[in-house]
Amino acid sequence: MNAVCERFNRTLQETFVDYHEELLFTDLERFNEQLADWLVKYNSLRPHKGLGLKTPVEYIIENKPECNMRWTHTQTFLGACILIHLTRYYSLVFCLLF
């Protein structure tokens with residue numbers, strides 16, 4: 002498990018922090034906003050081998066009818082957060098059908 006965490010830390014360092022290091026020291030709020038955007042993209046829009054090279058968003062949309070997960074009132078908040086971050090980068094609006 003530690004190896005997985007260390008690998009993620011390296012990916013984070015090499016693909017985000019190294020390119021935004023100046024913000025880390027000059028505008029921490031902006032750094033955190035951009036980090037949150039990066040994390041949403043990294044965890045939602047990047048294809049995963051375990052999902053058949055589909056993005057998690059694609060996988061959820063395709064498998065939602067078969068999903069046994071019980072959503073609570075937090076689903077609307079989560080969907081809204083993902084939608085806000087995604088629309089900053091893409092002109093398409095992802096309808097997650099929550």
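Heads up: the sequence shown is residues 2 to 99, going by the working numbering.
Positions of the beta carbon are idealized from the N, C-alpha and C atoms, including for glycine.
Quick caveat, the model's predicted, so the values are computed rather than measured.
- When the alpha-carbon of F32 is set against those of L40, A4 and H21, the nearest one is in H21.
- Boundaries of the alpha helix (DSSP H) harbouring H21: D19 to T27, taken from the DSSP string.
- Between L36 and the set I62, C6 and V18, the nearest pair of CA atoms involves V18.
- Within the DSSP bridge table, the entry for K55 names H49 as partners.
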